[in-house]
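Novice:
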Amino acid sequence: MGNKAFIKSLRLFEGDSMKKIILILVFLFLLLTAVLLLNQPRKRIVVGTLQGGISTLDLMPDVDVRYFDKTLDLAQALMRGDVDFAVIPAELVAKIRMMDSDVKIISVDMMQNQAIVVKDISSLEGLRGKRIGVFTPTGTFAMFSSYMSALNITDFKLVDKPPAQLIQAFQKDEVDAVVIWEPYVSKLVGMGGKILVTFRDLWRICGLKGDPVMVVWAARPGIDADSVNKVMKMREKALSEWGNETLVVRVMMDKYGLTAEEASFMYKRVEIVKTGLDEDLKRSIREVWYLAWRGGYIQRDPSEIGEDAFWSP
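Quick note on numbering: the sequence shown equals residues 17 to 329 in my numbering.
Now the structure itself:
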C-alpha cells in the first residue's frame, strides 16, 4: 500500500497538475519579493513639493525631489506615503489633517512672501473696483480674502488664472494688480511692477500676533525619527548655504529663470526660518489656519486640530 500511495503522489506532478504547481510557486515567489521590496528602506529621502515656489529644498541636492502640479495630488502622495516629506503651505497641512490623515509638521521653512503687485495703484483703498489677478484654488487666495475682509475692502473684480498666466495678464494690462508669491513677485517687479503691500504688512495691519508662517515641512503618517533627523540635518546644511547670497542668486536664476537683479531682490525680501518648531511658531501656524478657514480654504474650524499635528520626538 505504501508503494502505491507513493506512486499515486508522483502523478500529481504530471501534465496540467505540474503546470499549476509551478504557477503557484512562481506567484508565491513574486509575492514574497514584492513584500520584501516594500519593506526595504528607501536609499534616499523623497520629498514632494509644488511647482513654482521657492524653499530651502532648492539647496538640498541629496534628496529625491518630486514636483506636483496639483495640490490634491501632492496631498494624496503624502497621505499614501509615496513621499516621505512635503514642503507645502501651512494651511494645506490643516486641510490634510481634516481628511483624517496623521501627517505632522516637523519644521517651518519660511514666512509669508506673498505680495500684491501693482502698476499704478498707490493705496489699498485704490484696489476698489480694480481687476485683481489671483489663483483662487490656493491658500494664498484664502489669506488675501481674509485680509481684505478684515479691512473691509472687498469690492474688486477677481481674475482667476494660474501663476504663469497671471504674469502674462500683468504684461498685457489685463489686470490692475496681482496677488502672488515668490519667485513670481520678483519677476513682476522686474517687469516694472511695484509692491503695494506684502502679506507680512497685512498681517501687522490686521493686528495679528506672531509671525505669518507660509511654508512648512510635513511628514507622512508613520514617519520614523531617523528619517526626520536625517532630513533636518540636510536642511541645516541648506540653511548655512542660504547665507551665501551669490550661491542662492545663481540657483534661483538657473531654477526659476530670474535675472540676476530679480534673484537678488527676491533673496533680500524672503525670510527663511532657522529656528526649530517652538510654541511661538505653533501659535502662528494656528493663526494661519484660522485665516485660511475664514477665507474658505479650510472647511471646518481648525481649532479641532490637536497638538499631535506637530512632530514630537
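All C-beta atoms, glycine included, are put in the ideal place defined by N, C-alpha and C.
For the beta strand (DSSP E) containing D125, list its first residue and its last residue.
Specialist: D125 -> beta strand (DSSP E) spans 120 to 127.
Novice: Leaving aside the five residues before and after A279 along the sequence, list all residues of the same chain whose C-beta is less than 6 Å from its C-beta, in chain order.
Specialist: Closer than 6 Å at Cβ, skipping near neighbours: V265, M268, M269.
Novice: Please state whether the Cβ-Cβ distance between I301 and I121 is less than 8 Å.
Specialist: Closer than 8 Å, so yes.
Novice: Quick check: the Cα distance between V119 and D78, rounded to an integer number of angstroms?
Specialist: Whole-angstrom Cα-Cα distance: 23 Å.
Novice: Here's the rule: buried if 16 or more other CB atoms are within 10 angstroms of the residue's CB, otherwise exposed. What is I221?
Specialist: Its Cβ having fewer than 16 others within 10 Å, I221 is exposed.
Novice: Return the Cβ separation of K283 and E261 in integer angstroms, given the expectation that the two are a contact with Cβ distance under 8 Å.
Specialist: The sequence given here has Tyr at residue 283, not Lys. Confirmed, about 6 Å.
Novice: According to DSSP, which residues form a beta bridge with L66?
Specialist: L66 is bridged to F84.
Novice: Who are the Cβ neighbours of Q56 in its own chain at under 7 Å, not counting the five residues just before and after it?
Specialist: Because Q56 sits at a pLDDT of 48, beneath the cut-off of 50, its placement in the model cannot be relied upon, and the following sentence gives the value as read from the coordinates. Around Q56: no qualifying Cβ.
Novice: Considering P179, what are the terminal residues of the alpha helix (DSSP H) in which it resides?
Specialist: Where P179 is concerned, the enclosing alpha helix (DSSP H) stretches over 179 to 187.
Novice: From G322 to E190, what distance separates their C-alpha atoms?
Specialist: One C-alpha to the other measures close to 44 Å.
Novice: Leaving out the 5 sequence neighbours to the left and right, which residues in its chain are closer than 6 Å to R113 when beta-carbon positions are compared?
Specialist: The residues are I321, A325.
Novice: Between the Cα of D192 and those of L212, E198, Q67, G292, spot the shortest distance and give me the residue it belongs to.
Specialist: Among L212, E198, Q67, G292, the Cα nearest to that of D192 is on L212.
Novice: Have a look at G97 and R236 and give me their C-alpha separation to the nearest angstrom.
Specialist: Taking the straight line from one Cα to the other gives about 6 Å.
Novice: Can you tell me where the alpha helix (DSSP H) with K111 in it begins and where it stops?
Specialist: Looking at the DSSP string, the run of the alpha helix (DSSP H) that includes K111 is 106 to 113.
Novice: In angstroms, rounded to a whole number, what distance separates the CA positions of D171 and R144?
Specialist: In a straight line, the C-alpha of D171 is about 5 Å away from that of R144.
Novice: Nearest CA to the CA of A276: which residue from L263, I288, V286?
Specialist: Comparing Cα positions, the closest option is L263.
Novice: Comparing C-alpha positions only, which one of V99, G149, R316, K203 sits nearest to V247?
Specialist: Of the listed residues, the one whose Cα sits closest to V247 is V99.
Novice: If you count every other CB in all the chains shown that lies within 10 Å of the CB of S202, and 16 or more means buried, which is it?
Specialist: It is buried - the Cβ of S202 has at least 16 other Cβ atoms within 10 Å.
Novice: Could you check the C-alpha separation between L53 and S243 for me, to the nearest Å?
Specialist: Only weak support exists for where L53 lies, its pLDDT of 45 falling under 50; the value from the coordinates is given anyway. So the two alpha carbons sit approximately 18 Å from each other.
Novice: When the Cβ atoms of the segment 281 to 296 are set against those of the segment 139 to 155, are three or more pairs found closer than 8 Å?
Specialist: Segments in contact, no.
Novice: Measuring only the C-alpha atoms, how far is K253 from M127?
Specialist: Each residue's alpha carbon lies about 19 Å from the other.
Novice: Between Y313 and the rest of its own chain, which residues show a CB-CB distance below 6 Å, the 5 nearest in sequence each way excluded?
Specialist: If we look at Y313 and ignore the five residues flanking it on each side, its Cβ neighbours are E107, G155, A158.
Novice: Which stretch, first to last residue, makes up the beta strand (DSSP E) that contains W233?
Specialist: Per DSSP, W233 belongs to the beta strand (DSSP E) from 229 to 235.
Novice: Specify, as a first and last residue, the run of the alpha helix (DSSP H) that K203 falls within.
Specialist: First-last of the alpha helix (DSSP H) with K203: 200 to 206.
Novice: Using a Cβ-Cβ cutoff of less than 6 Å, which residues in the same chain neighbour W219 once the five nearest sequence positions on both sides are dropped?
Specialist: P228.
Novice: Could you give the DSSP three-state label for I196: helix, strand or coil?
Specialist: DSSP places I196 in strand when its eight states are reduced to three.
Novice: Suppose the cutoff is 6 Å on Cβ atoms and the five residues either side in sequence are ignored; what does the same chain contact list for R251 look like?
Specialist: T72.
Novice: Quick one: residues in its chain with C-beta nearer than 8 Å to the C-beta of F84, no 5 flanking neighbours on either side, listed in chain order?
Specialist: Contacts found: G64, T65, L66, Q67, L90, A93.
Novice: Got a sec? Which residues, its chain only, sit under 6 Å from R147 by beta carbon, not counting five neighbours each side?
Specialist: Once the five neighbours on either side are set aside, the close Cβ partners of R147 are K173, V175, V191, D192.
Novice: If I measure Cβ to Cβ from A185 and keep anything under 8 Å in the same chain, skipping five residues before and after, which residues do I get?
Specialist: Hits under 8 Å: G149, V175, K177, V191, V194.
Novice: Inspect the beta-carbon positions of W197 and G69 and report whether they are closer than 8 Å.
Specialist: Yes; because the gap between Cβ atoms is below 8 Å, this pair is in contact.
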